[in-house]
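Notes for the one structure printed next.
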Amino acid sequence: MKQQQKHVVVIGGSVAGLGAGLALTAEGHRVTILESDASPMPESHVQAFEQWERRGSPQTRHSHALLARLRNLIRDHAPDLLAELRARGAEELPFTDMARRLMPDAELEPGDDDLVLLACRRVTFEWVLRRHILESGRLDFRDGVEVVGLVADPGDPPRVRGVRIRSAAGEQRIDADLVVDASGRRSKLRHWLEAIGTPPVREESEPCGIFYTSRFYQLHDGVEPPALDGPIVGEDLGYMKIGLFPGDARIFSITLAASPDDDAMRAVLHRPVFEAAAASLPRVAEWVDPKISAPISDVHAMANLRNTRRFLIEDDRPLALGFTAIGDSLIHTNPITGRGCSLAWVGAFELAAALREHGDDPGALVLAHHAAIEREVVPWYRMQVQQDRDAVEVSQAQRRGEDPYAVVRADGTNDPKAFMRSVLREGLIPAIRTDVHVMRRFMRIMNLLDAPEDLMRDPGFFGRVVACYNTRGEREPVFQGPRRDEMLDVIARVAA
Numbered sequence: 011m012k013q014q015q016k017h018v019v020v021i022g023g024s025v026a027g028l029g030a031g032l033a034l035t036a037e038g039h040r041v042t043i044l045e046s047d048a049s050p051m052p053e054s055h056v057q058a059f060e061q062w063e064r065r066g067s068p069q070t071r072h073s074h075a076l077l078a079r080l081r082n083l084i085r086d087h088a089p090d091l092l093a094e095l096r097a098r099g100a101e102e103l104p105f106t107d108m109a110r111r112l113m114p115d116a117e118l119e120p121g122d123d124d125l126v127l128l129a130c131r132r133v134t135f136e137w138v139l140r141r142h143i144l145e146s147g148r149l150d151f152r153d154g155v156e157v158v159g160l161v162a163d164p165g166d167p168p169r170v171r172g173v174r175i176r177s178a179a180g181e182q183r184i185d186a187d188l189v190v191d192a193s194g195r196r197s198k199l200r201h202w203l204e205a206i207g208t209p210p211v212r213e214e215s216e217p218c219g220i221f222y223t224s225r226f227y228q229l230h231d232g233v234e235p236p237a238l239d240g241p242i243v244g245e246d247l248g249y250m251k252i253g254l255f256p257g258d259a260r261i262f263s264i265t266l267a268a269s270p271d272d273d274a275m276r277a278v279l280h281r282p283v284f285e286a287a288a289a290s291l292p293r294v295a296e297w298v299d300p301k302i303s304a305p306i307s308d309v310h311a312m313a314n315l316r317n318t319r320r321f322l323i324e325d326d327r328p329l330a331l332g333f334t335a336i337g338d339s340l341i342h343t344n345p346i347t348g349r350g351c352s353l354a355w356v357g358a359f360e361l362a363a364a365l366r367e368h369g370d371d372p373g374a375l376v377l378a379h380h381a382a383i384e385r386e387v388v389p390w391y392r393m394q395v396q397q398d399r400d401a402v403e404v405s406q407a408q409r410r411g412e413d414p415y416a417v418v419r420a421d422g423t424n425d426p427k428a429f430m431r432s433v434l435r436e437g438l439i440p441a442i443r444t445d446v447h448v449m450r451r452f453m454r455i456m457n458l459l460d461a462p463e464d465l466m467r468d469p470g471f472f473g474r475v476v477a478c479y480n481t482r483g484e485r486e487p488v489f490q491g492p493r494r495d496e497m498l499d500v501i502a503r504v505a506a
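If you're matching positions, the sequence shown starts at 11 in our numbering and goes up one per residue.
So this is what it looks like as structure tokens:
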């Protein structure tokens, strides 16, 4: 039986909200997207990078990874959108190419064709996506609209019936069968829900332990990009995290992140220091060589970064009916992993599936979407929280002059955390570059195609990593970049 069309109001018109619009209109629903930012949309994606001030989405000026999970959703549900992205310079980065480049005799598997990233700047992706949706005529997109509250029938729980908005035309009410909050990490959902009589919205939140800086560069005409041993270069020096992200139109970005408590490393917020630091990193230096590329942006920063989760279900009961959330409004994590856009779209398409099955039962709908988020999104949140806690310990140890990778303590006992860090550095990293099974499993996890806990079900993975670790004495140590004291010297030379 054909499901009844619903009217869905989506709060927020960035990547999460647009993804929800795409997923829900494909199911035949009527969708209204409300975007608070009234910045006019530029004429082209080139102008978007130069001019589009997305005040509600500061992350548009930072590095992004469009992971395989997101690319596959586009491929399967909006192939014409994928074609539009490619026409504007987005490039597909297949795992198979990387594997063959590093291991010419690697045995490939049929599922490897799903492991393809999309090299594309966030601003290009959002511009093409919004243009695609607007030109489709499938939904109503309103910008310059502030949501000031929810409209709800009282009850236990309350039943949301729409939203109250404020715009240049004044205040009005928009009725809806379902309201979806996709307004981002600064969402006012706690205020909105509590104002209609729900219990206080529970929130977990703790610092990511970093501030974040990014700069964009463009390869010179006729210059081939330097070789990569992966679609994204990622390094963790303890005191600093580094990312190199290929984008569209021969543009790439460099991200440097460090602890907000590390005053010396805050110097990378300044262009000369950022450039010197990038040039001192072995896997980045060739890319930022003036003979290879030129910077096309300033150094942009993000701070006050937190891993945060908000709960719309308590004791297996929804706080409200007719309301749910996706993306950063519900769960947001350390942006350096590049999962935000992908997880937002996972939440959007899971919502479309829940509405397909439970469109006439608002309680079952909210619970089904919650169950999908628990299954498909929450494991990444939990993993990131643990990783960031450990990263903070490593950074603090280095600033104290300690070696966070020293397995044997001063009293002769073994430090299990230091052992695991050493296995990752001297086992996992080299194994990724020499063992296609390890590379595949690692890349599938990082691209959200397999869940983090799937590693625990693959004893062969750990066996291969430990075997590589046990041969560490037979090769040069993994060198990722300068020690903290060496980086301090780099910074001091620039400041002199």
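Beta carbons are placed, not taken as given, at the ideal position from N, Cα and C, and that holds for glycine.
Please read all numbers here as calculations on a predicted model, not as lab measurements.
For the stretch 167-253, the continuous alpha helix (DSSP H) assignments of 4+ residues that do not extend past its boundaries occur at 199-205, in sequence order. One alpha carbon belongs to A100, the other to D107, and they sit about 17 Å apart. Residue burial annotation: P372 is buried, with at least 16 other C-beta atoms found within 10 angstroms of its C-beta. Pairing V448 with F429 gives a Cβ-Cβ distance that is not under 9 Å. Contact annotation: the stretch 35-55 does not touch the stretch 282-292, with fewer than three C-beta pairs closer than 8 Å. Considering only R212, D258, E386, the residue with the shortest C-alpha distance to T318 is R212.
Taking 9 Å as the cut-off, the Cβ atoms of I383 and E367 do not count as close.
Here DSSP, grouped into helix, strand and coil, assigns D271 to coil.
Residue pairing by DSSP places A311 opposite T223 in a beta bridge. In this model, G232 and V173 are separated by some 53 Å (Cα to Cα). Nearest to Q182 by C-alpha distance, out of Q396, L44, V504, Q394, is L44. With at least 16 other beta carbons inside 10 angstroms of its own, S24 counts as buried. Secondary structure of A162 (DSSP, three-state): strand. With respect to the 9 Å criterion, G29 and W390 are not classified as neighbours on the basis of their beta carbons. The distance from the Cβ of L127 to that of A78 is about 6 Å, consistent with a contact at the 8 Å cut-off. With respect to R132, H72 sits close: the two C-beta atoms are nearer than 9 Å. One thing to note: A304 has its Cβ within 9 Å of the Cβ of Y227.
Secondary structure note for V20: its beta strand (DSSP E) is the uninterrupted segment 17-21. With a contact defined as Cβ atoms closer than 8 Å, L144 and A330 miss out at about 30 Å. Its Cα nearest to that of A277, the residue M497 stands out among K16, Q14, M497.
Going by C-alpha positions, Y479 is about 17 Å away from D468. Beta-carbon to beta-carbon, I336 and A358 are separated by about 5 Å, close enough to satisfy the 8 Å threshold.
Annotation for D90: the continuous alpha helix (DSSP H) segment containing it runs 89-97. In the structure shown, I261 falls within a strand segment according to DSSP collapsed to helix, strand and coil. Scanning its chain for C-beta atoms nearer than 6 Å, with the 5 sequence neighbours on each side dropped, one finds around G244 the residues G253, in chain order. DSSP lists F262 as the bridge partner or partners of P256. Rounded to whole angstroms, the Cβ separation of P328 and V395 is 25 Å, and the two are not in contact under 8 Å. The DSSP assignment places 372-386 as complete runs of the alpha helix (DSSP H) inside the stretch 360-401, in order along the chain (cut-off: 4 residues). Excluding its 5 nearest sequence neighbours in each direction, R474 has C-beta neighbours in its own chain below 8 Å: A441, D445, H447, V448, listed in chain order. Three or more Cβ pairs drawn from the stretch 216-230 and the stretch 298-317 lie within less than 8 Å of each other, which places the two stretches in contact. Shown here for V433: same chain residues with a beta carbon closer than 7 Å to its own, the five before and five after excluded, namely V475, V476, Y479 in chain order. Inclusion of A129 and F255 in the CB contact set at 9 Å is warranted, their separation being smaller than that value. Secondary structure note for P440: it is in no beta strand (DSSP E), and the uninterrupted alpha helix (DSSP H) holding it is 439-442.
If you draw a straight line from the Cα of V500 to the Cα of S290, it is about 8 Å long. For L44, the beta-bridge partners assigned by DSSP are I21, R152.
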